[in-house]
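What follows is one structure encoded as structure tokens, with my remarks underneath.
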Amino acid sequence: MNKSTIILALISIFALSCNQSKEKKMTQAAYSIYIGTYTDTNSKGIYKITMNKSGKFGELSLQAETKNPSFLSFANKGKNLLAINEINSLDGVGSVESYKIGDQLELISRKSSGGAHPCFVTEKEGIVLTANYTGGNTGLLRVDEKGNLSELMDVNQHKGSGTVEGRQDAPHAHSIWFQPNKNRAIAVDLGTNELWTSTIEDDKFDHTERIVMPEGSGPRHLAFHPNGKVIYVINELSNTITILKGESLQTIDNVNTLPQAFKGSSFTADIHISSDGKFLYGSNRGHNSIVIYAVLEDGGLELIGHESTRGDHPRSFSLSPDGKFLLVANQNTDNLVCFKRNKETGLLTFVDEIKAPKPVCVLFEK
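Take the sequence shown: its letters are residues 56 to 421, numbered as in this note's numbering.
Structure follows, in structure tokens:
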């Protein structure tokens, strides 16, 4: 073999190696996402899936076997994962769990959520808050730096009812949120048709006030505008988004989430705002769509359109940390769907989908 042939062979090997390296880089995971599920059919608990930088899914893997982990949240700046067990045990409560994050989730502790059928959990600076749907209350615990949960420290029991028979006969706390830059938590109660605001002092709920929402709304979740001046509450029963402003959370407007021509049955679920505050998204279960709004300078909403979720009952969705993608969980059709998000127009373009058992919560690792 002469010198020229050897050189050509080495160049060929080098080029092949570069192409393989490039292909491997293209398929490497850019995002890791935890999936909460209902385990009443073929799901076994909490799953994890990867997604590459093009929005294509990798393999789905079971991370922890547990019952009805229908909502997930991070704690200790992402070192731990919190999950609720949406159950009603013999003593009339559900539970909240903490996990160590690694190659597999490792259960650290499990404690009472404070009420039956918890459906939401969140953490800030070691304080853990839960919302218990059937219990009609919110719970308060602590989590230490190693991920150990304390015993239940306080419960704020809601009272009252709304006007929608069968859905608002009793309190149904659906979510609870730490208000940014304030020592205040806001609980969203579908049953009493109110927001319950409380300060947290000495590991207790204190100075609770109630803010009445438009009649028959059935408030479920909310999103804070990045400027801290506007709150958007998505209402399950009226298929609307209520815009609130100011320290007293005064109602400014109520915007419909469904097309005017739609006549079927539908109920909203989740709501998220882009990190730049320019676009707001909400999910419609029944119409099976993501509604897209442009956020105006005064905080108002301008409808852009609706994007089909390519599945039934889009319960939860999430924006990727960089805002490039929107990932939606379709509960009744057992599928996850990824859309690419245009940051200039807010519009969504389908990228990929994958089967996942009874998905109801999607949480991007940051």
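Where is the CB? At the ideal position from N, CA and C, for every residue including glycine.
Q.
With a threshold of 6 Å on Cβ separation, who are the neighbours of Ala324 within its own chain once the five nearest residues in sequence on each side are excluded?
A. Here the set comprises Ser338, Arg340 and Arg370.
Q) Exposed or buried, which one is Gln223 when buried takes at least 16 other CB atoms within 10 Å? A) The residue in question, Gln223, is buried, as its Cβ has 16 or more Cβ neighbours within 10 Å.
Q | Same chain, Cβ closer than 6 Å to Leu115, five either side skipped, listed in chain order | A | So the list reads Tyr102, Ile104 and Ala411, once near-sequence residues are dropped.
Q.
Taking 6 Å as the limit between beta carbons, can you name the residues of its chain near Pro226, skipping five residues before and five after?
A. Hits under 6 Å: Gly191, His213, Asp244, Gly246 and Thr247.
Q) By DSSP, does Asn131 sit in helix, in strand, or in coil? A) In the structure shown, Asn131 sits in a helix (DSSP, three-state: H, G or I).
Q: Could you pull the start and end residues of the beta strand (DSSP E) that Tyr154 belongs to?
A: Run containing Tyr154: Ser150 to Lys155, per the beta strand (DSSP E) assignment.
Q.
For Gly169, count the other beta carbons within 10 Å of its own beta carbon; 16 or more makes it buried, fewer makes it exposed. Which is it?
A. Around the beta carbon of Gly169, 16 or more other beta carbons sit within 10 angstroms, so the residue counts as buried.
Q.
Helix, strand or coil, according to DSSP, for Leu145 in the structure here?
A. It is coil, neither helix nor strand.
Q. Can you check whether the CB of Tyr154 is closer than 8 Å to the CB of His172?
A. In this structure, His172 lies away from Tyr154, with their beta-carbon atoms at least 8 Å apart.
Q.
Report the start-end ranges of each beta strand (DSSP E) in the segment 323-405 that is 3 residues or longer and not cut off at the edges.
A. Residue ranges of uninterrupted beta strand (DSSP E) with 3 or more members, entirely inside the segment 323-405 and ordered along the chain, are 334-340, 344-350, 356-363, 369-374, 380-385 and 390-396.
Q) Are the beta-carbon atoms belonging to Leu160 and Cys416 less than 8 Å from one another? A) No. Outside cutoff.
Q) Closest by CA to Glu256, which one among Ile231, Ser216, Leu195 and Pro281? A) Its Cα nearest to that of Glu256, the residue Leu195 stands out among Ile231, Ser216, Leu195 and Pro281.
Q | For Gln305, the three-state DSSP class (helix, strand or coil) | A | In this structure, Gln305 counts as strand in the three-state DSSP scheme.
**Q.** Cutoff 6 Å; reference Ala430; Cβ partners in own chain excluding five residues on either side
**A.** The displayed coordinates of the chain run from 56 to 421. Any statement about residue 430 would go beyond what the structure contains.
Q: Could you spell out the range, first to last residue, of the beta strand (DSSP E) harbouring Gly100?
A: Here the beta strand (DSSP E) through Gly100 covers Gly100 to Asn107.
**Q.** DSSP bridge partner residues for Tyr86 (one or two, in chain order)
**A.** Answer by DSSP bridge pairing, in chain order: Met106.
(Q) Assuming His229 is part of the beta strand (DSSP E), what are its boundary residues? (A) It spans Ala228 to Phe233 - the beta strand (DSSP E) in which His229 sits, taken as one unbroken run.
Q) First and last residue of the beta strand (DSSP E) that includes Val415? A) It spans Pro414 to Phe419 - the beta strand (DSSP E) in which Val415 sits, taken as one unbroken run.
**Q.** Under the three-state DSSP convention, the category Ala411 falls into
**A.** In the three-state scheme derived from DSSP, where H, G and I count as helix and E and B as strand, Ala411 is classed as coil.
Q.
I need the straight-line Cα distance from Lys300 to Thr193, nearest angstrom please.
A. In this structure, the CA atom of Lys300 is about 24 Å from the CA atom of Thr193.
(Q) What would DSSP say about Gly273, mapped onto helix, strand or coil? (A) In the structure shown, Gly273 adopts coil according to DSSP, grouped into three states.
Q. Three-state secondary structure (DSSP) at Lys179?
A. Lys179: strand per DSSP, three-state reduction.
Q) Which one of Ala186, Lys132, Leu117 and Lys179 has the shortest CA to CA distance from Gly149? A) Checking every option, the nearest Cα to that of Gly149 belongs to Ala186.
Q | Nearest-angstrom beta carbon gap, Leu117 and Lys99 [assumed within contact, 8 Å] | A | The C-beta separation of Lys99 from Leu117 comes to about 6 Å, placing the pair in contact by the 8 Å criterion.
Q: Go through its chain and collect everything with a Cβ distance to Trp232's Cβ below 7 Å, but skip five positions before and after it.
A: Non-local beta-carbon contacts of Trp232 in its own chain, meaning distances under 7 Å to residues more than five positions away in sequence, involve Thr177, Ala240, Ile241 and Leu277 in chain order.
Q: Count the other CB atoms, across all protein chains shown, that sit within 10 Å of the CB of Pro274; report buried if there are 16 or more and exposed otherwise.
A: By the 10 Å Cβ count, Pro274 comes out buried.
Q) Of the choices Gly202, Ser216, Gly217 and Val198, whose alpha-carbon is the least far from that of Met208? A) With distances taken between Cα atoms, Met208 lies closest to Val198.
Q: In angstroms with no decimal places, state the Cα-to-Cα distance between Leu145 and Asp95.
A: Cα to Cα, Leu145 sits roughly 18 Å from Asp95.
Q: Under 6 Å Cβ to Cβ from Asp258, same chain only, skipping five residues before and after it: list those, please.
A: Excluding sequence neighbours, Asp258 sits near Met208.
(Q) Let me check one thing: in DSSP terms, what residues is Phe260 bridge-paired to? (A) Per DSSP, the beta-bridge partners of Phe260 are Ile255.
Q) For Lys166, does the three-state DSSP call read helix, strand or coil? A) Strand.
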